[in-house]
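See structure below.
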Amino acid sequence: MAKSPAKKNSSSKKAAVPATPNRERPNTPERFPLDKESMMAFYREMLLIRRFEEKAGQLYGLGLIGGFCHLYIGQEAVVVGLQSAIEPGKDSVITGYRDHGHMLACGIDPNIVMAELTGREAGISRGKGGSMHMFSVEHGFYGGHGIVGAQVSLGAGLAFGHKYKEDGGICLSYFGDGAANQGQVYESFNMAELWKLPVIFVIENNQYAMGTSVNRASSEDQLYKRGESFRIPGLQVDGMDVLAVRGAAEVAIDWVRSGKGPILLEMKTYRYRGHSMSDPAKYRSRDEVQEVREKSDPIEQAKTELMSLGVKEEELKAIDKEIRKIVSESADFAETSPEPDAKELYTDITVEQY
Numbered sequence: 012m013a014k015s016p017a018k019k020n021s022s023s024k025k026a027a028v029p030a031t032p033n034r035e036r037p038n039t040p041e042r043f044p045l046d047k048e049s050m051m052a053f054y055r056e057m058l059l060i061r062r063f064e065e066k067a068g069q070l071y072g073l074g075l076i077g078g079f080c081h082l083y084i085g086q087e088a089v090v091v092g093l094q095s096a097i098e099p100g101k102d103s104v105i106t107g108y109r110d111h112g113h114m115l116a117c118g119i120d121p122n123i124v125m126a127e128l129t130g131r132e133a134g135i136s137r138g139k140g141g142s143m144h145m146f147s148v149e150h151g152f153y154g155g156h157g158i159v160g161a162q163v164s165l166g167a168g169l170a171f172g173h174k175y176k177e178d179g180g181i182c183l184s185y186f187g188d189g190a191a192n193q194g195q196v197y198e199s200f201n202m203a204e205l206w207k208l209p210v211i212f213v214i215e216n217n218q219y220a221m222g223t224s225v226n227r228a229s230s231e232d233q234l235y236k237r238g239e240s241f242r243i244p245g246l247q248v249d250g251m252d253v254l255a256v257r258g259a260a261e262v263a264i265d266w267v268r269s270g271k272g273p274i275l276l277e278m279k280t281y282r283y284r285g286h287s288m289s290d291p292a293k294y295r296s297r298d299e300v301q302e303v304r305e306k307s308d309p310i311e312q313a314k315t316e317l318m319s320l321g322v323k324e325e326e327l328k329a330i331d332k333e334i335r336k337i338v339s340e341s342a343d344f345a346e347t348s349p350e351p352d353a354k355e356l357y358t359d360i361t362v363e364q365y
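Residue numbering for the sequence shown follows my numbering, beginning at 12 and increasing consecutively.
As C-alpha cells, then:
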C-alpha cells in the first residue's frame, strides 16, 4: 500500500516579516530634580490657576460669564510643567477651548484674563473672545479654539513658521483625548513628520471626552502610540505630577529643537469638574473624583514635596492668601470694567498687508 504524502508542518512556512529600520527614540524622561525654588514657583503657578478657575466658576454661577466656560481644575500640573520649560518670546503655544490655565501659565495678567471671561473691553481679546477664544501674539499664545482638534493643524502651521523663519522656536500644540480621534489631527501628524516640524503635540488625556470615557471612545486608548504609524515617537507621562511633566518637557524640547521633528506627549491627567459649566458630570461617580483628589491632586503633591524640603504650613497658607487676593482683585477689576463699545464689532476682522 502506497504511503500517503507527509503533511507539511504548518509552522515551517512563516510569513515574511518586513524589515523595520532602527529608528532613534527619545530618552526616557526622568523626574525633574526637586529643589525648593523651582517647586515653590510651580506651586504658586498651579495654585493661581486653581483659585482663578474656582472664582470663574463662581462668576459663571452669578451670570457674569456668558456662553460656554470650561474649567481646568485638576489639570494644572500639565501646563505649568510644560510652560516652565519653554522660552517666552521665542516659542508659541496653542490649545483648545479649556484655555484659561494656559493663558495664566504664559504670564498673562489675571486681570485681563478675567475681564475677557466677563466680556469686558479690558479683556485680552477686548471682550469679544470670551472663555474659549483668547489670544495674545505678544505672549506667543495663539488661542483658544472652539472647534475640536482645529488647533492641532494650526499648531503644525505655527511650527512651519518657526522652521521657515529659522528663528529656533518650537510650538506646543495642546489637545484632548476627544480631539485625538479627529481626522485633521492625523493629517497634521503626517505633514509634521514629513517636514520635520518643531512641534510638540500634547494630548491632555483627562479621561473623558465631554461625557464619554476614553476607554469607550478610543479603540487604542494608549494615546501616546497614536503617532507611531507616522514615525512620531510618543511618551506617556503622569500629568498629575508637575516634576514628571517638567522632566518629560525637557526631553521633548531637546528632541524637537535638535531638528528630529515632532514628538507626542500623552499627559495622563484628570478634570474634577464637568466638561463645561453646564455639564453635571453624571457619567462618573463622586467617589471616583474624590479618589483622584485624595491620591493624585497635583497641588497637594507639590505641597507635600515642599513640606519635605522644610517649608512650613504657615508659609503655604500665606501663599494661598496672597493668591486668593490676586484672584479676588481680578474679579473686581473685571466687574468694574466697561463693556466694549459697539464699534468693536468691526475691529480685528481683517489684516491689511502693505
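Even glycine gets a Cβ: it sits at the ideal position worked out from N, Cα and C.
Discussion item. For the structure I just gave you, are there three or more beta carbon pairs, one from the stretch 191-209 and one from the stretch 263-278, closer than 8 Å?
Written reply: At 8 Å Cβ cutoff, the stretches touch.
Worksheet item: By how many angstroms is the C-alpha of H173 removed from the C-alpha of Y357?
Response: Take the alpha-carbon of Y357 and the one of H173: they are about 30 Å apart.
Discussion item. Among the candidates E340, S289 and R282, whose CA atom is the shortest distance from the CA of R297?
Written reply: That would be R282, whose Cα lies nearest to the Cα of R297.
Worksheet item: Starting from L75 and walking both ways along the alpha helix (DSSP H), at which residues does that stretch end?
Response: It is not in any alpha helix (DSSP H) - L75 carries neither H nor E in the DSSP assignment.
Worksheet entry | Rounded Cβ spacing between V104 and F152 (contact assumed at less than 8 Å) | Between V104 and F152 the beta-carbon gap is near 5 Å, inside 8 Å, which marks them as a contact.
Discussion item. Starting from F146, trace the alpha helix (DSSP H) in both directions and tell me its first and last residue.
Written reply: Element bounds for F146: n/a, residue is neither H nor E.
Discussion item. Three Cβ pairs or more, each shorter than 8 Å: is that satisfied between the stretch 105-115 and the stretch 74-94?
Written reply: Segments in contact, yes.
Discussion item. Restricting to Cα atoms, I'd like to know which of A52, R34, L70 and L93 is closest to V256.
Written reply: Cα-wise, what sits closest to V256 is L93.
Discussion item. If you reduce the DSSP assignment to three classes, tell me which class N20 lands in.
Written reply: With a pLDDT of only 48 at N20, under the threshold of 50, the placement of this residue in the model should not be trusted; the figure read from the coordinates follows. Here N20 sits in coil by DSSP.
Discussion item. By alpha-carbon positions, which one of Q195, L45, L58 and M50 ends up nearest to I334?
Written reply: For the residues Q195, L45, L58 and M50, the minimum Cα distance to I334 belongs to L58.
Worksheet item: Applying the criterion that 16 or more other CB atoms from any shown protein chain within 10 Å of the CB defines a buried residue, is T347 buried or exposed?
Response: Exposed, by the Cβ-count rule.
Worksheet item: Which parts of the stretch 289-319 are runs of the alpha helix (DSSP H), unbroken and 4 residues or longer, counting only runs that do not cross its ends?
Response: List check, alpha helix (DSSP H) in window: 297-307 and 309-319.
Worksheet item: Quick one, which of S287, I337, E355 and G238 has its alpha-carbon nearest M143's?
Response: For the residues S287, I337, E355 and G238, the minimum Cα distance to M143 belongs to S287.
Worksheet item: I310 and R55 look like a contact to me (Cβ under 8 Å); what is the Cβ gap, rounded to whole Å?
Response: Between I310 and R55 a beta carbon distance of about 10 Å is seen, past the 8 Å cut, so the two are scored as non-contacting.
Worksheet item: Secondary structure at Q247, three-state DSSP: helix, strand or coil?
Response: Of the three classes helix, strand and coil, the one that applies to Q247 here is strand, per DSSP.
Practice prompt. Would you list the one or two residues that DSSP bridges to F63?
Written response: As computed with DSSP, F63 is found in no beta bridge at all.
Worksheet item: Unbroken beta strand (DSSP E) runs of length 3 or more, entirely within the stretch 125-213: which are they?
Response: Those beta strand (DSSP E) runs which fall completely within the stretch 125-213 and span 3+ residues are 182-187.
Item to complete: Could you tell me the boundaries of the beta strand (DSSP E) in which V277 lies?
Response: According to the sequence shown, residue 277 is Glu rather than Val. Segment I274 to K279, the beta strand (DSSP E) holding E277.
Worksheet entry | For N216, the three-state DSSP class (helix, strand or coil) | Residue state for N216 is assigned as strand, using DSSP reduced to three classes.
Fill in: N-terminal and C-terminal residue of the alpha helix (DSSP H) that V8 is part of
The structure shown does not extend to residue 8, since the chain is modelled only from 12 through 365, so no value can be given for it.
Fill in: Beta-carbon proximity list for M318, same chain, < 8 Å, skipping 5 on both sides
Setting aside the 5 residues that flank it on each side, M318 is surrounded in the same chain by E324 and L327, each with a C-beta closer than 8 Å to its C-beta; the list follows chain order.
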